[in-house]
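J.: First residue of the sequence shown: 127, per the numbering used here; consecutive thereafter. First, the structure itself, so that you have it in front of you.
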Amino acid sequence: MKLADLGEFGFIERIQRAVARTSGNGVRLGIGDDCAVLELPPGQVLLTSTDLLIEEVHFLSDWSDWRALGGKCVSVNVSDVAAMGGSPRHLYLGLAIPAMMAMEDLDAFLEGFLAAASGYGAVLVGGDTCRSPGPLMISVTVEGAAPTDQVVTRSGARPGDAIYVSGTLGDSALALQRLQSGLPMADELAHRHHQPQARVGLGRALAAAQLPSAMIDVSDGVLADLGHILDASAVGARLEQALFPLSKEFSQALVEEPAFFELALSGGEDYELLFTLPADKEQMLADLVAEVPITRIGTVTAAEQGLLLVDEAGKVRPARAKGYNHFRG
Ligand code: ADP
Ligand code: MG
Numbered sequence: 127m128k129l130a131d132l133g134e135f136g137f138i139e140r141i142q143r144a145v146a147r148t149s150g151n152g153v154r155l156g157i158g159d160d161c162a163v164l165e166l167p168p169g170q171v172l173l174t175s176t177d178l179l180i181e182e183v184h185f186l187s188d189w190s191d192w193r194a195l196g197g198k199c200v201s202v203n204v205s206d207v208a209a210m211g212g213s214p215r216h217l218y219l220g221l222a223i224p225a226m227m228a229m230e231d232l233d234a235f236l237e238g239f240l241a242a243a244s245g246y247g248a249v250l251v252g253g254d255t256c257r258s259p260g261p262l263m264i265s266v267t268v269e270g271a272a273p274t275d276q277v278v279t280r281s282g283a284r285p286g287d288a289i290y291v292s293g294t295l296g297d298s299a300l301a302l303q304r305l306q307s308g309l310p311m312a313d314e315l316a317h318r319h320h321q322p323q324a325r326v327g328l329g330r331a332l333a334a335a336q337l338p339s340a341m342i343d344v345s346d347g348v349l350a351d352l353g354h355i356l357d358a359s360a361v362g363a364r365l366e367q368a369l370f371p372l373s374k375e376f377s378q379a380l381v382e383e384p385a386f387f388e389l390a391l392s393g394g395e396d397y398e399l400l401f402t403l404p405a406d407k408e409q410m411l412a413d414l415v416a417e418v419p420i421t422r423i424g425t426v427t428a429a430e431q432g433l434l435l436v437d438e439a440g441k442v443r444p445a446r447a448k449g450y451n452h453f454r455g
């Protein structure tokens, strides 16, 4: 069946039926009226963020299975809430769909979307559905919440703070490189690209303990995203390459091709949390039981120092952030 056979309203009804949970999370009214009606827990602020995913720009339909893509749309969005220390609560899904898209693919996409949403404790409460004359376009908005005094921004880093990152770096970019070269890879590596997980538990735990002075999620590579913290906080940083947390697969790839280290610096879509930590909070961080390993990779310095990268041999060079920029080559 094609979407054209079902029509817009048939499709929306299908979504409405598929959203298993409609209560909880302060949802007074979900899909089906002109607006969703939602309540925020007392003492908490609303965190909102939107991401666009466009076929041919963010994903190729023959690379991602539709279910995984649905989940990824949720994760990349929820990751922004995690990066502020919040918990995701509500999602909105805007879809511009080519009329001839197969309903089975859309159903698989929705299934992945809703499964990921419920995994994060978030409910789909609205969206919009249109026909696209071109590619599939997906717009996801997330609403989260955090206690008023526990929101972590990009702007609080100070010289002397330690720089930490969760998980491992470069895996998603390495997986993408493998895909583009048509090379096989381990499932764990492929999952890092197709099914990234937002670090919600870690972000909440860090924020609740009021540990990070600044935080961001690594979506465009650690250099670019650290660059955003440095700009917002008006500081510099020194990163030690030797400290970078790398997966087994990534380390193996480095043995064959040392230049792949660039992927750990500037590759995108890791969705790890990158945060700065005042020196007097190191012990509290050590005591925090985290869902993922966290690794110190450098130190915040004065703004004049810029962003410096120390390589394995101890050689220091200025690092230029080369994160993905849609409007540059
Ligand atoms: P309107 O014309 O007021 O925009 P719609 O007919 O577009 O209303 O939407 C009706 C209901 O269905 C609304 O609650 C809207 O949020 C929801 N909805 C529409 N498309 C989607 C979608 N892709 N995902 C989730 N909810 C959707
Ligand atoms: Mg509408």
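The beta carbon of each residue, even a glycine, is placed where N, CA and C say it ideally should be. The model shown is predicted, which means the values in this text are computed figures rather than measured ones.
Given this structure, state the Cα-to-Cα distance separating residue 208 from residue 280, to the nearest angstrom.
T.: Position 82 of the sequence shown holds residue 208. Position 154 of the sequence shown holds residue 280. In a straight line, the C-alpha of residue 208 is about 13 Å away from that of residue 280.
J.: Looking at residue 428 and residue 470, is the spacing between their C-beta atoms short of 7 Å?
T.: A query on residue 470 cannot be resolved here, the shown segment of the chain reaching from 127 to 455 and no further.
J.: Using 8 Å as the threshold, is the region 178-190 in touch with the region 259-273, meaning 3 or more CB pairs across them?
T.: With the cut-off at 8 Å, the region 178-190 and the region 259-273 touch.
J.: Give the DSSP-derived three-state secondary structure of residue 395 in the structure shown.
T.: Stepping through the sequence shown from its first residue, residue 395 is reached at position 269. Three-state DSSP puts residue 395 in coil, outside helix and strand.
J.: Compute every distance between the C-beta of residue 197 and the non-hydrogen atoms of the ligand ADP, then say whether any falls below 6 Å.
T.: Here residue 197 is taken as the residue at index 71 of the sequence shown, counted from 1. No, the ligand ADP has no heavy atom inside 6 Å of this Cβ.
J.: What I want to know is whether the C-beta of residue 267 ends up closer than 6 Å to one or more non-hydrogen atoms of the ligand ADP.
T.: The residue labelled residue 267 in the question sits at position 141 within the sequence shown. No, the ligand ADP has no heavy atom inside 6 Å of this Cβ.
J.: Taking the alpha-carbon positions, what's the residue 135 to residue 271 distance?
T.: One-based indexing of the sequence shown puts residue 135 at position 9. One-based indexing of the sequence shown puts residue 271 at position 145. Taking the straight line joining both Cα atoms gives about 31 Å.
J.: Under 7 Å between the Cβ atoms of residue 214 and residue 241?
T.: For the purposes of this step, residue 214 is identified with residue 88 of the sequence shown, where counting begins at 1. For the purposes of this step, residue 241 is identified with residue 115 of the sequence shown, where counting begins at 1. No, the pair does not count as a contact, with Cβ atoms beyond the cut-off.
J.: How about residue 255: is its Cβ closer than 6 Å to a heavy atom in the ligand ADP?
T.: The sequence position of residue 255 within the sequence shown is 129, counting from 1. Checking the Cβ of residue 255 against the ligand ADP gives yes.
J.: Determine contact between the region 323-333 and the region 393-404, defined as no fewer than three beta-carbon pairs at a distance below 8 Å.
T.: yes
J.: Taking the CB atoms as reference points, tell me whether residue 381 and residue 295 lie closer together than 7 Å.
T.: Within the sequence shown, the letter at position 255 stands for residue 381. Within the sequence shown, the letter at position 169 stands for residue 295. Cβ atoms of residue 381 and residue 295: not closer than 7 Å.
J.: Could you compute how far the alpha carbon of residue 145 sits from the alpha carbon of residue 170?
T.: Numbered from 1 along the sequence shown, position 19 holds the residue referred to as residue 145. Numbered from 1 along the sequence shown, position 44 holds the residue referred to as residue 170. Roughly 25 Å between the two C-alpha positions.
J.: With hydrogens ignored, establish whether the beta-carbon of residue 124 is closer than 6 Å to any heavy atom of the ligand ADP.
T.: The shown model of the chain, from 127 to 455, leaves out residue 124, and the question about it has no answer.
J.: Please confirm whether residue 290 and residue 420 have their CB atoms less than 7 Å apart.
T.: Taking the sequence shown and counting its residues from 1, the one referred to as residue 290 is at position 164. Taking the sequence shown and counting its residues from 1, the one referred to as residue 420 is at position 294. A contact, by the Cβ cut-off of 7 Å.
J.: For residue 273, name the three-state secondary structure that DSSP assigns.
T.: For the purposes of this step, residue 273 is taken as residue 147 along the sequence shown, with counting starting at 1. Three-state result, residue 273: strand.
J.: On the CB-based measure, 16 or more other CB atoms within 10 Å of its CB, does residue 274 come out buried or exposed?
T.: As a position in the sequence shown, residue 274 is number 148, starting the count at 1. Residue 274 comes out exposed.
J.: In the DSSP output, what is residue 219 paired with across the bridge?
T.: Along the sequence shown, read from residue 1 onward, the residue named residue 219 stands at position 93. Residue 219 is bridged to 253 and 266.
J.: Would residue 325 be called buried (16 or more neighbouring beta carbons within 10 Å of its own) or exposed?
T.: Residue 325 sits at position 199 when you count from the first residue of the sequence shown. So residue 325 ends up on the buried side.
J.: Report yes if the C-beta of residue 157 is less than 6 Å from at least one heavy atom of the ligand ADP; otherwise report no.
T.: What you label residue 157 is simply residue 31 of the sequence shown in a count that begins at 1. Yes, since a heavy atom of the ligand ADP falls inside the 6 Å radius drawn around the Cβ of residue 157.
J.: What residue does the beta strand (DSSP E) around residue 364 start on, and which one ends it?
T.: The sequence position of residue 364 within the sequence shown is 238, counting from 1. Taken as a continuous stretch (DSSP letters only), the beta strand (DSSP E) holding residue 364 covers 362-366.
J.: Measure the beta-carbon distance from residue 165 to residue 152 and round it to whole angstroms, keeping in mind my assumption that it falls under 8 Å.
T.: Indexing the sequence shown from 1 puts residue 165 at position 39. Indexing the sequence shown from 1 puts residue 152 at position 26. 4 Å between Cβ atoms; contact.
J.: Do residue 129 and residue 225 have their beta-carbon atoms positioned less than 7 Å apart in this structure?
T.: The sequence position of residue 225 within the sequence shown is 99, counting from 1. The sequence position of residue 129 within the sequence shown is 3, counting from 1. Against a cut-off of 7 Å, the Cβ pair of residue 129 and residue 225 comes out as a contact.
J.: Taking 7 Å as the cut-off, decide whether the C-beta atoms of residue 232 and residue 255 are in contact.
T.: Here residue 232 refers to the residue found at position 106 of the sequence shown. Here residue 255 refers to the residue found at position 129 of the sequence shown. Cβ distance not < 7 Å, so residue 232 and residue 255 don't count as in contact.
J.: Leaving aside the five residues before and after residue 424 along the sequence, list all residues of the same chain whose C-beta is less than 6 Å from its C-beta, in chain order.
T.: As a first step, residue 424 is located in the sequence shown; it is residue number 298 there, counting from the start. If we look at residue 424 and ignore the five residues flanking it on each side, its Cβ neighbours are 289, 363, 364, 365 and 366.
J.: For residue 230, does the count of other Cβ atoms within 10 angstroms reach 16, so buried, or fall short, so exposed?
T.: To locate residue 230, count along the sequence shown from 1; it is residue 104. It is exposed - the Cβ of residue 230 has fewer than 16 other Cβ atoms within 10 Å.
J.: Does DSSP put residue 455 in a helix, in a strand, or in coil?
T.: Position 329 of the sequence shown, counted from the first residue, corresponds to residue 455. The predicted position of residue 455 is uncertain, since its pLDDT is 48 and thus under 50; a value taken from the coordinates is nonetheless stated next. Collapsing the DSSP output to three states places residue 455 in coil.
J.: Classify residue 415 as buried or exposed, calling it buried when 16 or more other Cβ atoms lie within 10 Å of its own Cβ.
T.: Taking the sequence shown and counting its residues from 1, the one referred to as residue 415 is at position 289. With fewer than 16 Cβ atoms within 10 Å of its Cβ, residue 415 is classed as exposed.
J.: Given a cut-off of 7 Å on the beta-carbon distance, is the pair residue 251 and residue 360 in contact?
T.: Within the sequence shown, numbered from 1, the residue matching residue 251 stands at position 125. Within the sequence shown, numbered from 1, the residue matching residue 360 stands at position 234. No.
J.: For residue 372, count the other beta carbons within 10 Å of its own beta carbon; 16 or more makes it buried, fewer makes it exposed. Which is it?
T.: Position 246 of the sequence shown, counted from the start, is the residue given in the question as residue 372. By the 10 Å Cβ count, residue 372 comes out buried.
J.: Restricting to Cα atoms, I'd like to know which of 176, 236 and 192 is closest to residue 265.
T.: Counting from 1 along the sequence shown, the entry for residue 265 is found at position 139. The shortest C-alpha separation from residue 265 is found at 176.
J.: Quick one: residues in its chain with C-beta nearer than 6 Å to the C-beta of residue 131, no 5 flanking neighbours on either side, listed in chain order?
T.: For the purposes of this step, residue 131 is taken as the residue at position 5 of the sequence shown. Excluding sequence neighbours, residue 131 sits near nothing in its chain.
J.: Can you determine whether any heavy atom of the ligand ADP sits closer than 6 Å to the C-beta of residue 180, and answer yes or no?
T.: Your numbering for residue 180 matches position 54 in the sequence shown. Flag unset: Cβ of residue 180 not near the ligand ADP.
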